[in-house]
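**Student:** Heads up, the sequence shown stops at 316 in this note's numbering, and the numbers go up one at a time, no gaps.
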Amino acid sequence: MTLSEIYQKGAEILENKNLGFYLRGVETEYVMKHNEEIFREYRFVQSAIDSIEATTETRLLDVTLQVPIVMSSITAPIPRIQRDGLLKIATALKETGSMMWTGTPIPSNLRELVEVGVPLVQTVKPYTDRSKVMKMLSQAEAAGATWVGIEVDAGQGTKILDRQMAKDCSPMSVSELKELKHKISRPLVLKGILSPRDAEKALEAGADVIVVSNHGAHTIDYLPHPLEVLEEIAKVIANQIPIIIDGGFRRGTDVLKGLAFGAQAIGVGRPILYGLAADGEEGVKKVIAEMAGELKRAMTMTGVKDPASAHRGIIL
Ligand SMILES: Cc1cc2nc3c(=O)[nH]c(=O)nc-3n(C[C@H](O)[C@H](O)[C@H](O)COP(=O)(O)O)c2cc1C
């Protein structure tokens, strides 16, 4: 199956399993549509002569990846797509040199997933009951998570179409985040940064990694696409900590656009679900490998020798 065929087959299977709802966006679905359309606005400056074969290897803090493409935080529908779906994804991501990210709920077999040997990040919602947040972070650390994180953009929970999904959440303050950072022993990720102001606050709170994200259209309607705010955010971050971006990235060329605007790695959410639905572990492997192959071709032909060398000048 080609990448396009995996996406199409995966979407059909998810629809047939009555899981299509999870792929939809909040309220009017403006964010959802915009996340898909924005990539068409940017084209590449080709650099065909003297270009050298690119490598996709990437280092993020203490982790070396073969590809700058990671899974985005998702747990919810995965066990309903395939039995042992999370385990299949963990194995596929390990074999492709990627990174696993799990979200809500924390998988009951988190330790088993870590034992597969894939670097794993667990993110937690800012539940109003802050003791629950701390308990979940500790649970993730005890299971061996590589990094742990807070989904700062879920301060009003999550919503798909007109249905509120995650509830009982409230925005966290810098001092609360600082306190959490103080209590944990693994690097702290803040997911859902979407403005330079929040990027400044993330640094102030002691974040070790940020994810520039509109939560895949599951929080507030009429948010911008992360690519539209990434350059300003990257200026604030000034290479002090890694930036990961997600939202609508489907092809290797989309990934190169994310790198060019200032991210060190790109997260993919729905593509992992499509890969799993279409062909289990093999399907997920294929999604990452095909995207990485496309990325490598595009990097080579734009004169980008490795992910860290991507720059705004390759975008028209
Ligand atoms: C079904 C589903 C469940 C998700 N669950 C979570 C979650 O628990 N925590 C979180 O931070 N983000 C969650 N997200 C958002 C993803 O982490 C990510 O930001 C988004 O899916 C990226 O966009 P993409 O799906 O277009 O690649 C979820 C997204 C989907 C589609």
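By construction, the Cβ of each residue, glycine as well, lies at the ideal position given by its N, Cα and C atoms.
Since the structure is predicted, the reported quantities are computational estimates derived from the model, not experimental observations.
Can you tell which of 308, 221, 73 has its C-alpha closest to the C-alpha of residue 211?
**Tutor:** With distances taken between Cα atoms, residue 211 lies closest to 73.
**Student:** Just checking, does the region 191–200 make contact with the region 149–160 on the three C-beta pairs under 8 Å criterion?
**Tutor:** The region 191–200, when compared against the region 149–160, does touch it at the 8 Å Cβ threshold.
**Student:** Are there any heavy atoms of ligand 1 lying less than 7 Å away from the beta-carbon of residue 22, as far as the coordinates show?
**Tutor:** Checking the Cβ of residue 22 against ligand 1 gives yes.
**Student:** In terms of residues, what are the limits of the beta strand (DSSP E) holding residue 310?
**Tutor:** Here residue 310 belongs to no beta strand (DSSP E), and DSSP marks it neither H nor E.
**Student:** Please state the DSSP three-state secondary structure of residue 167.
**Tutor:** The answer is coil: DSSP assigns residue 167 none of H, G, I, E or B.
**Student:** Mind checking which residues open and close the beta strand (DSSP E) that includes residue 120?
**Tutor:** Looking at the DSSP string, the run of the beta strand (DSSP E) that includes residue 120 is 120–124.
**Student:** With hydrogens ignored, establish whether the beta-carbon of residue 246 is closer than 7 Å to any heavy atom of ligand 1.
**Tutor:** Answer for residue 246: yes, Cβ within range of ligand 1.
**Student:** Quick one: does residue 111 have its CB under 8 Å from some CB of chain D?
**Tutor:** Judged by its chain identifiers, the structure shown contains no chain D, having just a single protein chain.
**Student:** May I ask you to check if the CB of residue 76 is nearer than 7 Å to at least one heavy atom of ligand 1?
**Tutor:** Yes, Cβ of residue 76 sits closer than 7 Å to a heavy atom of ligand 1.
**Student:** Ends of the beta strand (DSSP E) at residue 192?
**Tutor:** Run containing residue 192: 188–193, per the beta strand (DSSP E) assignment.
**Student:** Buried or exposed: where does residue 298 fall if 16 or more other Cβ atoms within 10 Å of its Cβ makes it buried?
**Tutor:** It is buried - the Cβ of residue 298 has at least 16 other Cβ atoms within 10 Å.
**Student:** Expressed to the nearest angstrom, what Euclidean distance is found between the alpha-carbon atoms of residue 13 and residue 204?
**Tutor:** Spanning the two alpha carbons is a distance of roughly 44 Å.
**Student:** Are residue 244 and residue 267 touching if we call contact CB-CB under 8 Å?
**Tutor:** Yes. Within cutoff.
**Student:** For the alpha helix (DSSP H) holding residue 43, just list the boundary residues, first then last.
**Tutor:** Neither: residue 43 is in no alpha helix (DSSP H) and is coded neither H nor E.
**Student:** Does the distance from the CB of residue 68 to the CB of residue 265 come in under 8 Å?
**Tutor:** Yes, Cβ-Cβ distance for residue 68 and residue 265 is below 8 Å.
**Student:** Where in the region 174–249 do unbroken runs of the alpha helix (DSSP H), each at least 4 residues long, occur, reported from the N-terminal end onward?
**Tutor:** Within the region 174–249, the complete alpha helix (DSSP H) runs of at least 4 residues are 174–183, 196–205, 226–237.
**Student:** Count the other CB atoms, across all protein chains shown, that sit within 10 Å of the CB of residue 21; report buried if there are 16 or more and exposed otherwise.
**Tutor:** The residue is exposed, with fewer than 16 neighbouring Cβ atoms inside 10 Å.
**Student:** Can you look up residue 265 in the DSSP assignment and give me helix, strand or coil?
**Tutor:** Three-state DSSP puts residue 265 in a strand.
**Student:** Can you tell me where the alpha helix (DSSP H) holding residue 294 begins and where it ends?
**Tutor:** Per DSSP, residue 294 belongs to the alpha helix (DSSP H) from 270–301.
**Student:** Can you tell me the Cβ-Cβ gap for residue 111 and residue 143, rounded? I've got them flagged as a contact below 8 Å.
**Tutor:** Right, the Cβ-Cβ distance comes to about 4 Å (below 8 Å), so this counts as a contact.
**Student:** Mapping the DSSP letters down to three states, classify residue 24 as helix, strand or coil.
**Tutor:** Coil at residue 24, not helix or strand.
**Student:** If you check the beta carbons only, do residue 88 and residue 284 fall under 8 Å apart?
**Tutor:** Cβ distance < 8 Å, so residue 88 and residue 284 count as in contact.
**Student:** CB of residue 25 to nearest heavy atom of ligand 1: below 7 Å?
**Tutor:** Residue 25: no, Cβ never under 7 Å from ligand 1.
**Student:** By the 10 Å Cβ neighbour count, where 16 or more other Cβ atoms means buried, how is residue 53 classified, buried or exposed?
**Tutor:** By the 10 Å Cβ count, residue 53 comes out exposed.
**Student:** Give the single residue among 255, 260, 301, 313 whose Cα lies nearest to the Cα of residue 288.
**Tutor:** Checked all of 255, 260, 301, 313; the closest Cα to residue 288 is 255.
**Student:** Could you tell me whether the region 222–238 touches the region 269–281, where touching means 3 or more Cβ pairs closer than 8 Å?
**Tutor:** Cβ pair count under 8 Å is below three, so no.
**Student:** State yes or no: is the C-beta of residue 71 within less than 8 Å of the C-beta of residue 98?
**Tutor:** The answer is yes: Cβ separation under 8 Å.
**Student:** Tell me where the beta strand (DSSP E) around residue 59 begins and ends.
**Tutor:** 58–60 is the span of the beta strand (DSSP E), which, as asked, contains residue 59.
**Student:** Of the choices 270, 49, 133, whose alpha-carbon is the least far from that of residue 7?
**Tutor:** Of the candidates 270, 49, 133, the one whose C-alpha sits nearest the C-alpha of residue 7 is 270.
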